[in-house]
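Quick notes on the structure that follows.
Protein chains: 2
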Amino acid sequence: MDKVIYIIGIGPGAEEYLTNQERNAIEKSDIIVGYSLYVELLKKVYPDKEYRITGMRQEIERCRLCFELSEEGKTVSMICSGDAGIYGMASPMYELLNDYPDTDLVVVPGITAASSGAAILGAPLNHDFCVISLSDLMTPWEVIEKRIRAAIAGDFAIAFYNPSSNRRADYLEKACNIMLDAGADPDRACGYVENIGRQGTRALCCTLKELKATKVNMFTTVFVGNSMSYIKDNKLITKRGYRCE
Amino acid sequence: MDKVIYIIGIGPGAEEYLTNQERNAIEKSDIIVGYSLYVELLKKVYPDKEYRITGMRQEIERCRLCFELSEEGKTVSMICSGDAGIYGMASPMYELLNDYPDTDLVVVPGITAASSGAAILGAPLNHDFCVISLSDLMTPWEVIEKRIRAAIAGDFAIAFYNPSSNRRADYLEKACNIMLDAGADPDRACGYVENIGRQGTRALCCTLKELKATKVNMFTTVFVGNSMSYIKDNKLITKRGYRCE
């Protein structure tokens, strides 16, 4: 049989977000590889599986480890948070596949924070939307700024991933300033969700100018509505269409 | 106990994409309400549940039916395909909540076509991306065109929902012309997936100029890479970052 590596987005981490397809892939795997935080979350669901942990920013080592274990004849699952194809490990795994051509990669989709966070916040992405990461670790800030401006020009709703870290404590404020400069109303309806699907989940709605003054932690997904979005009873709602029904 | 309506995106429809949270909500419900196609799919998983069907474009009637059944004391699940918060029924349900204030709405996230289609196609959305519907049923075409231009200006990867219907057979071609006019390279890496998670799944990669000449059916999700995306072995890959690792 051909060698198979599953690349699995486990969603926010709680058991309730796992799909049957994910469970099947994990159960078929001899070994699970991932970043420590997500391995700890999955261990609560599958305590008896064999795991291999690599550290933060060791993404390429983590990918190579999967291919090496696969070469040894193991069925491997590489786990990421959210969806493996959205800022996850699907792309680097395909890039490294050149070096291990007789392996099959199977990407197993998961619930990304845009979906899980939106569900908690109401319906912030219920029309055309953009997903933008504020991490400039692998993307120049000018590209991020260009995308924020384009998102406002196109009147998209927006989900911001990685809105903050210790090193980037002011990035959300910078992003808010760009949106305001690009013409977004200071009263634009926004919101954010912390610790989605984990202990301490907290969802809050606010205006864009309030968002600008907000400090969020790194486990936060930030939502900015389009020009028609509104807040009601601490829910952020983006209308499904432009016509009244 | 308060009245609860679950608003559930069941993903592409196959059992393997259901999450535990979705299963729990469905199992707790006395009655499931949905459009006929998705009810038929869910019936394969839960044949013994009670279902109520409404037709296409009867979205508001479908929402009201949920609230009415809830008023009668039933626990109701409203099902949509994909994710209920992405072109789904979360938003109209919140809009109608004004008329039924003592009901709790619980949105249960599901796997949207951007995730499930991307997983089949490789890693087309592995960096910042936009999701745009080409249906002008509730959105003026000028707004859609503005968003397509903004998506290209921002060099986003793009997932197009509702790329075609009998009435709108040339909309994908129109969208491709707008992207080309906005400066996208005719050789931009693209792809599409038909019948995700259902019988007859088919994934194909092509260039933007080939996409322009392609007829897709209404059960297709179309992916357009960003300027750095590439095709290899019929997989569409968008790089995770701009820096080489």
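Quick mapping for you: the protein sequence lines, in order, are chains A and B.
Yeah, the first sequence ends on 1369 if you go by my numbering, and it's all consecutive.
Yeah, the second sequence ends on 1369 if you go by my numbering, and it's all consecutive.
Ideal placement from N, C-alpha and C gives every residue a C-beta, glycine not left out.
- Using a 10 angstroms sphere on the CB of A:G1179, the tally of other CB atoms stays under 16, which defines it as exposed.
- Going by beta carbons, A:D1294 and B:T1263 fall outside the 9 Å limit.
- Identification of chain A residues near B:L1142 by a Cβ-Cβ cut-off of 7 Å yields T1143 and N1144, ordered along the chain.
- Short of 8 Å from the beta carbon of A:F1347, and not among the five residues preceding or following it, lie these beta carbons of its own chain, in chain order: G1241, A1242, L1245, P1248, L1249, A1281, I1282, A1283, F1284, C1314, G1315, Y1316, V1317 and L1360.
- Look at A:P1248: its C-beta is under 9 Å from a C-beta on chain B.
- Within the DSSP bridge table, the entry for B:K1127 names B:T1227 as partners.
- For A:L1332, the nearest beta carbon of chain B is not closer than 9 Å to its own beta carbon.
- Under the Cβ criterion of 9 Å, A:S1153 is not counted among the residues facing chain B.
- Contacts between B:T1236 and chain A, judged by CB atoms closer than 7 Å, involve S1239 in chain order.
- Look at the beta carbons and you see the region 1215-1235 of chain B touching the region 1190-1203 of chain B: at least three pairs across the two are nearer than 8 Å.
- Comparing C-alpha distances from A:K1173 to each of A:I1155, A:E1183 and A:P1216 shows the shortest one belongs to A:I1155.
- Positions of the beta strand (DSSP E) runs, each at least 3 residues long and wholly inside the region 1325-1365 of chain B, are given as 1326-1331, 1344-1348, 1354-1356 and 1359-1361 in order along the chain.
- Residue contact check for B:P1310 against chain A: no CB pair falls below 9 Å.
- Excluding sequence positions up to five before and after A:E1269, its CB lies within less than 7 Å of the CB of I1302, all in the same chain and listed in chain order.
- Residue contact check for A:V1255 against chain B: a CB pair falls below 9 Å.
- Contact of A:V1157 with chain B is not assigned, every C-beta pair being separated by 9 Å or more.
- Assigned with DSSP and collapsed to three states, B:G1137 falls in coil, not helix or strand.
- In this structure B:A1208 is buried. Its beta-carbon is surrounded by 16 or more other beta-carbon atoms within 10 angstroms.
- With a threshold of 9 Å between beta carbons, A:F1280 makes contact with chain B.
- By the rule that beta-carbons nearer than 9 Å mark a contact, B:K1270 touches chain A.
- Under the DSSP definition of a beta bridge, B:Y1175 partners with B:I1156.
- The beta carbons of A:G1135 and A:G1206 sit about 6 Å from each other, so the pair counts as a contact at 8 Å.
- Residues L1258, Y1295, L1296, V1340, T1344 and V1346 of the same chain have their beta carbon placed closer than 7 Å to that of B:P1287, with the five preceding and five following residues left out of the count.
- At a cut-off of 9 Å, the C-beta of A:A1275 has a neighbouring C-beta in chain B.
- Counting only runs that start and end inside the region 1216-1277 of chain A, the beta strand (DSSP E) elements of at least 3 residues fall at 1227-1232 and 1253-1257.
- Ranked by Cα distance from A:N1148, the first of B:L1142, B:S1201, B:K1298 and B:G1158 is B:L1142.
- Nearest to B:G1324 by alpha-carbon distance, out of B:G1307, B:C1330, B:A1138 and B:L1261, is B:A1138.
- Minimum Cα-Cα distance from A:K1167 among the listed residues A:D1228, A:K1356, A:I1150 and A:K1363 corresponds to A:I1150.
- The Cβ-Cβ distance between B:V1128 and B:V1230 falls below 9 Å.
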